[in-house]
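Worksheet: one structure, shown below.
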Amino acid sequence: NYIERADVVIGGNLVVRSSCYYSSIQVNGDMLCQDKTKLVGGSIIVKGSITAGQVGSNASQPMVIGAGIDPRRFKRHRELTRQYDRFLSNVKGIQHRYGKKTGGEKQMNLLLEEMEEIEKELSVLNLIPEMPEDSMGQPGSFFTTATISVDGLISAGTVIRLGNDILTVERALSRVRIRMNSTSGEIENIPM
């Protein structure tokens, strides 16, 4: 009926009947929720499509909700991004410590090489399940048919991911279907 403050990995489809609060959810199928189901806080990454009642809340931290994303690839993407951010922080620390003086150059060069390798991997990592994992940037590699359908309200601040694209909801939306435009490849919302 509900999921609360949990880390969940589902091999197939997930049906939520009541609510999902502050959880990290990865689904290798579709996620289906009853009309009045509330999804609040945390992150939901689904390989297929999502049907939900209410997404996010003004009283909670913004949530991330994504469809058309391979959960395993998304986890790798998140790990690489965190690692890159740590290296970047270390580079800034070395620059702050040594300034223009010599010293720390060897350490700095090693970090920069590591960061370059991460950038290369991130630049080809395609999150869309139907596409080869290393196909980002190739023709036709951007499009996913997955959708997010919300019968109720999507709160402002919610981060929507469809495949490799990201959109932060600027103002609350209600009764919408979010999909990728097949021509432009941009995320669009269509009233239901």
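Under this note's numbering, the first residue of the sequence shown carries the number 8, and numbering increases by one thereafter.
Glycine included, C-beta positions come from ideal geometry on N, C-alpha and C.
| query | result |
| --- | --- |
| Give the DSSP-derived three-state secondary structure of K45 in the structure shown. | strand |
| Can you say whether A13 is buried or exposed, counting buried as having 16 or more other CB atoms within 10 angstroms of its CB? | exposed |
| Looking only at its own chain, which residues have a Cβ that is under 7 Å from the Cβ of I101, when we skip the five neighbours before and after it? | G111, Q114, M115 |
| Would you give the residue range spanned by the beta strand (DSSP E) that M138 belongs to? | Careful: M138 lies outside any beta strand (DSSP E) and carries neither H nor E. |
| Using three-state DSSP, classify S64 as helix, strand or coil. | coil |
| Give a yes or no on whether the C-beta atoms belonging to G158 and D37 are separated by under 8 Å. | Checking the sequence, you will find Asp at residue 158 rather than Gly. Taking 8 Å as the Cβ cut-off, D158 and D37 do not qualify as a contacting pair. |
| Would a C-beta distance cut-off of 8 Å place M187 and F150 closer than the cut-off? | yes |
| Could you please give the first and the last residue of the uninterrupted beta strand (DSSP E) stretch that includes D92? | Element bounds for D92: not the beta strand (DSSP E) but the alpha helix (DSSP H), 78-105. |
| Between G18 and N35, what straight-line distance do the alpha-carbon atoms span, to the nearest angstrom? | 5 Å |
| Check this for me: beta carbons of P78 and Q33, under 8 Å apart or not? | yes |
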